[in-house]
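To keep things clear, I will list the structure first and then write my remarks on it.
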Amino acid sequence: AAPPPPPKEQAFSKRQPASALTVGVPKEIHALEKRVAIAPANVPQLRKKGFKVAVEKGAGAEADFPDSAYQAAGAEIVSKEDAFGADIVMKVRAPEEDGEAHELDLMKEGATLICMVAPGQNVG
130 AAPPPPPKEQ
140 AFSKRQPASA
150 LTVGVPKEIH
160 ALEKRVAIAP
170 ANVPQLRKKG
180 FKVAVEKGAG
190 AEADFPDSAY
200 QAAGAEIVSK
210 EDAFGADIVM
220 KVRAPEEDGE
230 AHELDLMKEG
240 ATLICMVAPG
250 QNVG
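Just so you know, we're using the working numbering here: the sequence shown kicks off at 130 and counts up by one.
Laid out in structure tokens, this is it:
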């Protein structure tokens, strides 16, 4: 007999068109992190697919991407809360503690997180 299928742990909702979704790009807060999840050159690709792009003020500064470059590419410059409040959040590193709060607490229910996970570096 075949083994039973694995339990379904996630409820899937009806797909939304890209035009109804916002991609948020928050500023990285990890010490000495200079990267940003997307460069201004990537914004038109997302916009062409229909996504709105919301980049936190100063998110690209350490990577030499000024806010004006993101705006010229079609992104909106927003607050940290708005970047994390997007439907899809793109970060370089996994969310982490920020003072007394955690970046995950800023994400809305049902949002999708896209980031690198380095288990060998994130032991603990």
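All C-beta atoms, glycine included, are put in the ideal place defined by N, C-alpha and C.
| 4-residue-minimum alpha helix (DSSP H) runs that sit fully inside the segment 173–221, ordered along the chain | Listed in chain order, the complete alpha helix (DSSP H) runs (minimum 4 residues) inside the segment 173–221 are 196–202 and 209–213.
| Contact between the segment 179–196 and the segment 223–236: three or more CB pairs below 8 angstroms? | no
| query | What residue range is occupied by the uninterrupted beta strand (DSSP E) comprising LEU242? | reply | According to the DSSP assignment, LEU242 belongs to the beta strand (DSSP E) that extends over 241–243.
| query | Can we say the segment 231–240 touches the segment 181–190, given the rule of at least three CB pairs closer than 8 angstroms? | reply | no
| In its own chain, which residues sit with a C-beta less than 8 angstroms from the C-beta of SER208, not counting the 5 before and 5 after it? | GLU185 and LYS186
| Apart from the five residues on each side of it in sequence, which residues of its chain come closer than 8 angstroms, Cβ to Cβ, to ALA192? | LYS163, ARG164, VAL165 and ALA168
| query | Going along the chain, which residues of its own chain have a beta-carbon closer than 7 angstroms to the beta-carbon of PRO146, five neighbours each way excluded? | reply | GLY179
| field | Sub-7 angstroms separation of ARG176 and GLY203 beta-carbons | value | Contact flag set, yes.
| message | Going by C-alpha to C-alpha distance, which of GLU210, PHE213, ALA230 and ASN171 sits closest to ALA201? | response | ASN171
| field | Same chain, Cβ closer than 7 angstroms to HIS159, neighbours up to 5 away in sequence not counted | value | ARG222 and GLU225
| For VAL182, which residues of its own chain have a beta-carbon under 6 angstroms away from its beta-carbon, when the five flanking residues on both sides are left out? | Answer for VAL182: VAL152, VAL172, LEU175 and ALA204, listed in chain order.
| Which residues DSSP lists as bridging HIS159, in chain order | Its beta-bridge partners do not exist; DSSP assigns none.
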